[in-house]
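Residue numbers (the working numbering), protein chains in the order written: chain W, 6 to 117; chain Z, 40 to 154.
Quick look at the structure:
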């Protein structure tokens, strides 16, 4: 069965530091992968998606993610974190009737 | 930019009561979803809906749950007899058309609290 693993429940970085959030997936074919961000009390906002082609995808707010089939990974990166990036980040893979299977999320804390 | 809207933002209900959560998907979208997120846990799929019928449902979506698209704009989730464990954030999402590469657009959620 398809699944998504986000190994890091919490991550704390200093403002201006680089960030990498890990995501590993289990899927038989070429996956459709997404990263969403959830600010407190808000819904899920799409950051970026991957479905084919270039394995390095750019998203909003300066985020990017790299698809690595050999590692079954789709890690999210940002070169310089801003305090407003503090939120919870979810990786998701499409399954079945195009529903999402989400990872458990990574909560990002940004230190001033 | 068009948004998915959900009402109410917070619903408090006594155990055993019926509750209806409402969603207005983006107007030209054809595929609709409900997810829930129990506090501190991951977002879980409940049900998908297309062409006025359920496409897929999870094990969570038992006989106490139902969905409906009563008119051209609303998409509702009904829980007939609420239980304490139904307390969660419920998210509605919609997608424009077929294709796994089409992202789902989420509403801000309804926080359901069962007393």
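No residue lacks a Cβ here, since even glycine has one placed at the ideal position from N, Cα and C. The model shown is predicted, which means the values in this text are computed figures rather than measured ones.
In the structure shown, residue 66 of chain W adopts helical secondary structure according to DSSP, grouped into three states. With a cutoff of 8 Å on beta-carbon distance, residue 73 of chain Z and residue 86 of chain Z are scored as near each other. Within the model, the alpha-carbon separation for residue 122 of chain Z versus residue 89 of chain Z is close to 27 Å.
For residue 56 of chain W, no beta strand (DSSP E) run applies, since DSSP gives it neither H nor E. Following the DSSP letters along the chain, one finds residue 54 of chain Z in no beta strand (DSSP E), marked with neither H nor E.
Within chain W, 101, 102, 104 have C-beta atoms less than 8 Å from the C-beta of residue 95 of chain Z, given in sequence order. Comparing alpha carbon positions, the residue from Z:127, Z:94, Z:46, Z:45 closest to residue 101 of chain W is Z:94. Under the three-state reduction of DSSP, residue 98 of chain Z is assigned to coil, being neither helix nor strand. By the Cβ criterion, the region 108-117 of chain W is not in contact with the region 54-63 of chain W, since fewer than three pairs of Cβ atoms, one from each stretch, lie closer than 8 Å. The secondary-structure analysis by DSSP pairs residue 92 of chain W across a beta bridge with W:113. Note that the region 143-152 of chain Z touches the region 43-58 of chain Z; at least 3 beta-carbon pairs, one per stretch, sit closer than 8 Å. Residue pairing by DSSP places residue 43 of chain W opposite W:49, W:93 in a beta bridge. With contacts defined as CB atoms closer than 8 Å, residue 98 of chain W and residue 7 of chain W qualify as a contacting pair. Within the same chain, Cβ atoms closer than 7 Å to the Cβ of residue 68 of chain Z are found at 133, 134, 135, the five residues on either side in sequence being excluded. Those residues of the region 77-107 of chain Z placed with their C-beta closer than 7 Å to a C-beta in chain W are 81, 82, 84, 87, 94, 95, ordered along the chain.
With contacts defined by Cβ atoms closer than 8 Å, residue 38 of chain W and residue 83 of chain W do not form a contacting pair. In this structure, W:104 is the residue among W:34, W:96, W:104 with its C-alpha nearest to the C-alpha of residue 96 of chain Z. Using a Cβ-Cβ cut-off of 7 Å, residue 113 of chain W is close to nothing in chain Z; its nearest Cβ partner there is about 16 Å away.
Within the same chain, 11, 93, 94, 95 come within 7 Å of residue 110 of chain W by CB-CB distance, once the 5 residues on both sides are set aside. The Cβ of residue 113 of chain Z sits no closer than 8 Å to any Cβ of chain W. Annotated three-state conformation of residue 48 of chain Z is coil, per DSSP. Under DSSP, residue 26 of chain W takes part in a beta bridge, and its partners are W:81.
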